[in-house]
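Read the structure below first, then the notes.
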Ligand SMILES: [Zn+2]
């Protein structure tokens, strides 16, 4: 799945994992579990599981980051993410008092960060974690149109959960 989808899913989950029952650690694991569940669904995310990225792969990753940035801007200016945009202190304060958001998002992208580090450095430990991440999305690639339509719809739903 695309990072935008992972981040927004984790954020929507983290918003609802609050102390005393939930907290940052639980939000991290919820984000990570959501990552594996999303990756196990049929999806489109470019052709980015090879060492050398194709042109399409690069375009998809670039667009993914760009869309994430736009959503960040949207949630900052109109949403609850950054109360006194662009005052940096207000961003740090709200993140500090909502550490579950931060940890949730970290958990949501953690498997992909690990894979990225693995590709770059060859560091792949624990092995089962890398194998799980790789095997869970084997043959799950579908055509761009249905693949992206699903993620777009799902992202809008997650934004709704986060801002409501
Ligand atoms: Zn992944």
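In the working numbering, the protein residues as written are 1 to 164. Glycine included, every Cβ here is placed at the ideal spot set by N, Cα and C. Quantities reported herein were computed from a predicted structural model and do not represent experimental measurements.
message = By the DSSP assignment, the alpha helix (DSSP H) with residue 3 in it spans what residues?
response = 3-15
query = Whose C-alpha, out of 144, 150, 154, is nearest the C-alpha of residue 59?
reply = 144
query = For the putative contact between residue 9 and residue 38, defined by C-beta atoms under 8 angstroms, what is the C-beta separation to the nearest angstrom?
reply = Contact check for residue 9 and residue 38: beta-carbon distance about 6 angstroms, within the 8 angstroms limit, so the pair qualifies.
task = Please classify residue 2: is it buried, with 16 or more other beta-carbons within 10 angstroms of its beta-carbon, or exposed?
result = buried
request  = Give the straight-line distance between the Cα atoms of residue 42 and residue 102, rounded to the nearest whole angstrom.
outcome  = 27 angstroms
Any residue whose CB is nearer than 5 angstroms to a heavy atom belonging to ligand 1, listed in chain order = 39, 111, 112
request  = Label residue 15 either buried or exposed according to how many other C-beta atoms from any shown protein chain fall within 10 Å of its C-beta, with 16 as the threshold for buried.
outcome  = buried
query = What first and last residue would you give for the alpha helix (DSSP H) that runs through residue 151?
reply = 144-163
message = Give me the DSSP bridge partner(s) of residue 141.
response = 43
ask   = Which two residues bound the contiguous alpha helix (DSSP H) that contains residue 23?
value = Here residue 23 belongs to no alpha helix (DSSP H), and DSSP marks it neither H nor E.
request  = Leaving out five residues on either side along the sequence, give the residues of the same chain with a beta carbon under 8 angstroms from the beta carbon of residue 140.
outcome  = 39, 40, 41, 42, 43
Touching by the beta-carbon criterion (3+ pairs, under 8 angstroms), the region 127-138 and the region 60-69 = no
query = Considering residue 122, what are the terminal residues of the alpha helix (DSSP H) in which it resides?
reply = That residue, residue 122, is in no alpha helix (DSSP H); it is neither H nor E in DSSP.
inquiry  = Using the three-state DSSP reduction, which class does residue 79 fall into: helix, strand or coil?
reply    = coil
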